[in-house]
Structure formats: C-alpha cells, structure tokens
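Okay, so the sequence shown: first residue is 5 according to my numbering, each after it adds one.
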Amino acid sequence: MDMNKKLAQVSKLFCIEGTFVGYRTIQVGNVNKTYEVRFILPNGKPKSFLIQNVNTYAFRNPVQLMENIDKVTEHIRSKKTGKIALHFHHTADRKTYVIDGKNFWRMINFIPSVTYSSVIDQQVVCNAGKAFGEFQMQLSDFDITQLYETIPGFHNTRQRYEQLRQAIAADPVGRVAEVQEDIAYLLSVEDLACKLTDLFNEGKLPLRVTHNDTKINNVLFNPDDNTALVVIDLDTVMPGLVGHDFGDAIRFAANKVSEDFPGYEKAGVDLEVFRSFAEGFLEMTADTLTPAEIDTLALSCFTLTAELSTRFLADYILGDPYFNIKYEEHNLVRTRCQIALAKDMQLHMAEMEQIVRQCVEHAKAKS
Ligand code: GN1
Ligand code: MG
Numbered sequence: 005m006d007m008n009k010k011l012a013q014v015s016k017l018f019c020i021e022g023t024f025v026g027y028r029t030i031q032v033g034n035v036n037k038t039y040e041v042r043f044i045l046p047n048g049k050p051k052s053f054l055i056q057n058v059n060t061y062a063f064r065n066p067v068q069l070m071e072n073i074d075k076v077t078e079h080i081r082s083k084k085t086g087k088i089a090l091h092f093h094h095t096a097d098r099k100t101y102v103i104d105g106k107n108f109w110r111m112i113n114f115i116p117s118v119t120y121s122s123v124i125d126q127q128v129v130c131n132a133g134k135a136f137g138e139f140q141m142q143l144s145d146f147d148i149t150q151l152y153e154t155i156p157g158f159h160n161t162r163q164r165y166e167q168l169r170q171a172i173a174a175d176p177v178g179r180v181a182e183v184q185e186d187i188a189y190l191l192s193v194e195d196l197a198c199k200l201t202d203l204f205n206e207g208k209l210p211l212r213v214t215h216n217d218t219k220i221n222n223v224l225f226n227p228d229d230n231t232a233l234v235v236i237d238l239d240t241v242m243p244g245l246v247g248h249d250f251g252d253a254i255r256f257a258a259n260k261v262s263e264d265f266p267g268y269e270k271a272g273v274d275l276e277v278f279r280s281f282a283e284g285f286l287e288m289t290a291d292t293l294t295p296a297e298i299d300t301l302a303l304s305c306f307t308l309t310a311e312l313s314t315r316f317l318a319d320y321i322l323g324d325p326y327f328n329i330k331y332e333e334h335n336l337v338r339t340r341c342q343i344a345l346a347k348d349m350q351l352h353m354a355e356m357e358q359i360v361r362q363c364v365e366h367a368k369a370k371s
C-alpha cells in the first residue's frame with residue numbers, strides 16, 4: 005500500500021481541509037497502527053492529526069468499539085470543560101470511522117505532548133497514577149450497561165489460561181516443544197493468577213468502568229511540567245475490576261526493564277516506582293474502593309503479569325496472529341520477560357501489600 009496516498013485519501017474522507025504534506029509512523033502500540041499526518045491548512049498554518057488503522061483481528065467489532073469510545077470521551081469531555089480532551093473526527097455522513105476493504109480507519113486530534121515508555125522520574129509515575137485514578141473517577145457515574153464488551157473476557161484470567169491450553173493443543177507451527185519450561189511455570193501459578201477472576205465470580209469484587217490497558221505510554225504529559233494531560237487508547241474501556249487498571253500499570257511502569265527486554269533475568273518490580281504510582285492512584289481512588297479491592301491491588305500486579313505472559317505465549321505458539329512483532333521471537337522474549345517479572349512479584353508480594361496500605365492511609369489522611 006502506498007501509505008502517502010492512502011493516508012491523504014483517508015484524511016479527505018474525514019473532511020480535513022488543506023493540503024496533505026506527509027506522515028510519520030508512530031512506533032508505539034502492539035495492536036493498532038498509528039500515523040501522524042501533517043497538513044498545511046487553508047490559512048497557511050501547519051497542523052497535525054493522528055490516523056489509526058484499527059486491528060480488526062483483535063477488535064472483531066470495531067463499530068461497537070467506536071460507539072463505546074464516543075460515549076466515554078463525551079462523558080469525560082463534559083466534565084473537563086476547557087481542558088485538553090480527545091476528539092474523533094467525523095466523515096461527511098457523521099461517522100467516526102472509515103471502512104475500506106479490510107481496513108478500519110479513524111482520525112483523532114493531535115495533542116502536542118510527551119509520552120514515556122520507561123520511567124526514571126518518580127513524579128511522572130505519580131502523575132500517571134493520578135491520571136488513571138482520575139479517569140476511573142470520571143467514569144464512576146457512567147452507566148456500565150451502555151458499553152459493549154469490545155474483547156469478551158479481556159481480563160478473564162481463567163479464559164486466558166483456557167486459550168493458552170487450546171494453543172498448546174493445536175501447536176500449529178511446532179513451537180510448543182521449545183516452550184515447555186514457560187508452560188510449566190505458568191501452569192504452576194494458575195490458581196494464584198486466577199484468584200482475582202475467582203473472587204469476582206464469587207461476587208466479592210465490584211465491577212467498574214475501567215481502562216484495561218493502563219500502560220504509562222497511554223498517558224500524554226505536558227512537556228513543560230510533566231503534569232498529565234489526558235489518558236488515551238480507550239479501545240478496551242469496558243466493565244472491569246480496579247485491579248486490572250492498577251495491576252497492568254505496575255506491570256509496565258514498575259518493571260526494571262522494558263516489557264520485551266531480552267535480558268529477562270534483569271526484569272523485576274521496582275518498589276519505588278510501585279510506591280509512586282500507588283500514591284497517585286490511591287490519592288484519587290482510596291475513598292471509594294472497598295476493603296476487598298484494596299486488599300487485592302498488590303495481587304492484581306502479579307495477575308496481570310501472569311495473564312499477559314499467557315497471552316504472549318499463546319500468540320507465539322499460534323504463529324503470532326495477534327500482537328505486532330518486530331522480529332521472529334519477539335513474542336517469546338516478551339513472554340519470558342513477563343514471566344521473570346511475575347516471579348519477582350511473587351517474592352515481593354508482602355512488601356507491595358504493605359506499600360498499598362501505607363498509601364491508603366496517606367490518601368485518607370489528606371482527604
Ligand atoms: C496491547 O496495543 P497496545 O500496546 O496498546 C494489548 C494490551 C497488552 C499490551 C502489551 C487490545 O496494547 O492488552 O497489555 O499490548 N492490547 C490489546 O504491550 O490486546
Ligand atoms: Mg491498547
């Protein structure tokens with residue numbers, strides 16, 4: 005596909021006036037493909053937009069997905085008057101998407117900002133925690149029944165294990181033999197990893213509207229002072245558990261290495277980053293969480309890490325149909341890095357639990 009031509013054509017369908025002058029691929033995101041497109045507007049000024057090609061293998065019903073996002077962004081926008089918010093452009097017939105053959109396109113305002121894929125500054129992490137906590141609070145009065153489940157059972161860890169088992173049984177590209185140790189570890193921690201799912205099924209944890217993909221690079225920061233501007237990537241906003249958001253954020257931000265670092269023996273949980281994120285997140289949410297939710301926050305970090313390990317491993321075994329990969333063993337490296345992190349989290353569970361309790365106390369003392 006000639007990308008220049010394609011993106012110019014798609015922009016036209018979203019009624020962007022002016023001249024298309026070029027694009028750059030944004031190298032973040034493991035599922036959708038994202039491009040910054042540059043225009044010269046009729047008034048002569050340059051302006052950028054984002055165009056995304058939604059992965060319809062991952063999101064089987066992208067039209068429902070856009071309906072979810074529309075409702076959620078409008079709900080948040082109504083509370084954030086005057087502040088920066090996400091906005092999806094419309095086509096001439098008022099749709100927020102363009103379908104062309106197998107491709108599903110959408111166009112979003114470009115927000116000048118910085119993102120972080122790894123962290124060394126504790127204030128940035130704390131601000132990310134606040135942003136995801138605030139996001140959760142902004143949607144606390146949103147009617148859950150209005151949302152489609154964009155990926156059914158997205159954080160149903162029992163179902164993720166089932167999918168791993170099915171992949172192992174199918175072994176379509178002959179990769180199972182080389183991953184025996186990884187399978188053995190994941191199966192050995194299955195009950196611990198699924199405890200959050202089980203507690204929910206027993207009615208012990210409430211359902212909330214959650215983001216479900218709380219990687220720190222899904223927060224846009226103000227480059228001048230590192231305050232959080234907006235939470236992005238709302239594709240998986242669905243009914244979920246608060247631990248899904250807390251746990252996934254820690255899994256990504258508090259790992260001592262990047263999520264796909266090949267030297268996986270270096271992976272592990274950085275407890276200072278853990279504390280900074282928890283401080284920010286709980287400052288916004290502590291008052292509204294139930295004791296059972298608070299008690300499971302540390303466990304949820306292990307849960308999300310083990311769960312993603314099963315997803316990366318299943319995808320590797322199936323020949324990489326789901327996640328974008330940059331090289332042949334990418335999903336295997338991701339799996340092993342997540343497994344190393346999960347093991348380290350098991351070792352530090354008591355410390356993580358203690359930090360959560362301290363942060364809850366601080367938050368309650370402040371409020
Ligand atoms: C995917 O595409 P991205 O980077 O936002 C995935 C998440 C994983 C993440 C791992 C819809 O997110 O669940 O945690 O990769 N999103 C989907 O990096 O599957
Ligand atoms: Mg995502």
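Just so it is clear, CB atoms sit at the ideal spot from N, CA and C, and this is done for glycine as well.
Note that this is a predicted model, so its numbers are computed, not measured.
Straight-line gap, residue i to residue j (C-alpha atoms, nearest Å)
{"i": "G137", "j": "A346", "result": "24 angstroms"}
{"i": "V246", "j": "T119", "result": "23 angstroms"}
{"i": "L308", "j": "G157", "result": "13 angstroms"}
{"i": "E263", "j": "S122", "result": "9 angstroms"}
{"i": "A282", "j": "T300", "result": "13 angstroms"}
{"i": "V128", "j": "P176", "result": "43 angstroms"}
{"i": "I44", "j": "F63", "result": "33 angstroms"}
{"i": "F316", "j": "K49", "result": "44 angstroms"}
{"i": "Q170", "j": "D348", "result": "27 angstroms"}
{"i": "S117", "j": "N222", "result": "12 angstroms"}
{"i": "E297", "j": "V241", "result": "19 angstroms"}
{"i": "V364", "j": "Q140", "result": "16 angstroms"}
{"i": "F265", "j": "L275", "result": "19 angstroms"}
{"i": "N59", "j": "T154", "result": "12 angstroms"}
{"i": "V193", "j": "A96", "result": "52 angstroms"}
{"i": "D104", "j": "V14", "result": "9 angstroms"}
{"i": "G22", "j": "V41", "result": "12 angstroms"}
{"i": "R361", "j": "N36", "result": "37 angstroms"}
{"i": "A310", "j": "L90", "result": "32 angstroms"}
{"i": "L233", "j": "E332", "result": "36 angstroms"}
{"i": "Q163", "j": "F24", "result": "45 angstroms"}
Reduced DSSP secondary structure (H/G/I, E/B, other) of residue i
{"i": "A154", "result": "Position check: residue 154 holds Thr in this sequence, whereas Ala was assumed. Coil at T154, not helix or strand."}
{"i": "P66", "result": "helix"}
{"i": "A89", "result": "coil"}
{"i": "V241", "result": "coil"}
{"i": "E297", "result": "helix"}
{"i": "S280", "result": "helix"}
{"i": "T60", "result": "coil"}
{"i": "G22", "result": "coil"}
{"i": "F204", "result": "helix"}
{"i": "N216", "result": "coil"}
{"i": "T95", "result": "coil"}
{"i": "T149", "result": "helix"}
{"i": "T29", "result": "strand"}
{"i": "I55", "result": "strand"}
{"i": "V180", "result": "helix"}
{"i": "F265", "result": "coil"}
{"i": "V223", "result": "strand"}
{"i": "V118", "result": "strand"}
{"i": "V273", "result": "strand"}
Residue i and residue j closer than 8 angstroms at C-beta
{"i": "C305", "j": "G244", "result": "no"}
{"i": "H215", "j": "H159", "result": "no"}
{"i": "V235", "j": "A135", "result": "yes"}
{"i": "L327", "j": "N57", "result": "What sits at residue 327 in the sequence shown is Phe, not Leu. Not in contact: F327 and N57 (Cβ atoms no closer than 8 angstroms)."}
{"i": "L17", "j": "I55", "result": "no"}
{"i": "G284", "j": "G133", "result": "yes"}
{"i": "T100", "j": "D74", "result": "yes"}
Presumed contact (8 angstroms Cβ cut-off) between residue i and residue j, rounded CB distance
{"i": "I343", "j": "S313", "result": "5 angstroms"}
{"i": "F53", "j": "N113", "result": "7 angstroms"}
{"i": "A367", "j": "E287", "result": "5 angstroms"}
{"i": "I329", "j": "V180", "result": "The pair is not a contact, with the Cβ atoms about 18 angstroms apart (cut-off 8 angstroms)."}
{"i": "L151", "j": "V213", "result": "7 angstroms"}
Residue span of the beta strand (DSSP E) that contains residue i, given as start and end
{"i": "L17", "result": "That residue, L17, is in no beta strand (DSSP E); its alpha helix (DSSP H) goes M7 to L17."}
{"i": "K37", "result": "K37 to I44"}
{"i": "R169", "result": "Element bounds for R169: not the beta strand (DSSP E) but the alpha helix (DSSP H), T161 to A174."}
{"i": "N107", "result": "N107 to N113"}
{"i": "I103", "result": "V102 to D104"}
{"i": "L233", "result": "A232 to V235"}
Residue i - containing alpha helix (DSSP H), residue span
{"i": "N335", "result": "H334 to L351"}
{"i": "V128", "result": "Q126 to Q142"}
{"i": "V246", "result": "V246 to A257"}
{"i": "L190", "result": "Q184 to S192"}
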